[in-house]
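Taken in order, the sequence shown gives residues 1 to 156; the numbers are from my numbering. Every residue, glycine too, gets a C-beta built ideally from N, C-alpha and C. Below: one structure, written as C-alpha cells.
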Amino acid sequence: MSGEGRPTRRTALAAGALAAAAATGCSKYGDEGADPEPPPSTPAASRSKGSPGASGKAPPEGPVLAKTSDIPVGGGKVFKDEKVVVTQPAEGDFKAFSAVCTHSGCTVRDVDGGTVNCPCHGSRFRVADGAVAGGPAPRPLPPRGIDVTGNSIRLT
C-alpha cells in the first residue's frame with residue numbers, strides 16, 4: 001500500500017538532503033544573488049594590489065632580489081632559489097627570465113659572454129631577450145616580471 005499522505009522513504013531522504021543543502025548555502029540552481037567568487041590571482045592582478053603612490057603606480061610587493069649594481073652591463077646574475085636570471089643588456093635596461101632551461105629543465109648556471117648558459121647540454125640564451133643562441137634548447141627562456149625602483153630589483 002502506498003499510504004497516501006504519508007511520506008515514502010525516498011521522499012523523506014530527498015527532503016533531508018534539500019534541508020542540508022539549504023543549511024550549507026548550496027542550491028540545485030546555484031547561489032542566485034550571491035556575490036561571485038573573485039577570479040584566481042594572476043601575475044598582472046597581483047602587481048596591482050596596494051594603493052598607488054605619488055607616481056600612480058602600485059608599490060612594489062616582493063622582497064628585494066638584487067641591487068641594480070649587482071647586475072653587470074652586458075651580463076647578468078642567476079638566482080637559483082627563485083629560479084630566475086636577471087640581465088642588463090644595456091645600461092639601465094634590466095630583463096628577467098626563468099632560470100629553467102627549455103631543453104630538459106636544468107637550472108642555468110651563469111651569465112657570461114652575453115649569454116645565459118645551461119650546464120646540462122650546452123644551451124645558451126641571449127641576455128637581451130632570452131632567445132636561443134645555441135644548443136639543443138627548442139624555445140627561448142620565458143620572461144619573468146620584475147620591478148626596478150631606484151636601485152632595487154624585485155620580482156613581481
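In this structure, R126 sits near A133, with a CB-CB distance shorter than 8 angstroms.
In terms of Cβ geometry, P138 and A131 do not form a close pair [threshold 8 angstroms].
Excluding residues up to 5 positions away in sequence, C118, C120, H121, S123, G135, P136, A137, P138 lie with their Cβ nearer than 8 angstroms to the Cβ of H103 in the same chain. Burial state of K95 is buried, judged by a 10 Å Cβ sphere holding 16 or more other Cβ atoms.
A direct Cα-to-Cα measurement between D129 and V85 gives close to 12 angstroms.
Rounded to the nearest whole angstrom, the CA to CA distance from L65 to D93 is 16 angstroms. In the DSSP assignment, D93 is bridged to A90. D147 counts as buried, since no fewer than 16 other beta carbons sit within 10 angstroms of its beta carbon.
The beta carbon of V108 is closer than 7 angstroms to those of V78, V85, A99, C101, V116, N117, C118 in its chain, skipping five residues each way along the sequence. It is roughly 11 angstroms from the alpha-carbon of G113 to the alpha-carbon of V73. Boundaries cannot be given for N151, as no beta strand (DSSP E) includes it and DSSP labels it neither H nor E.
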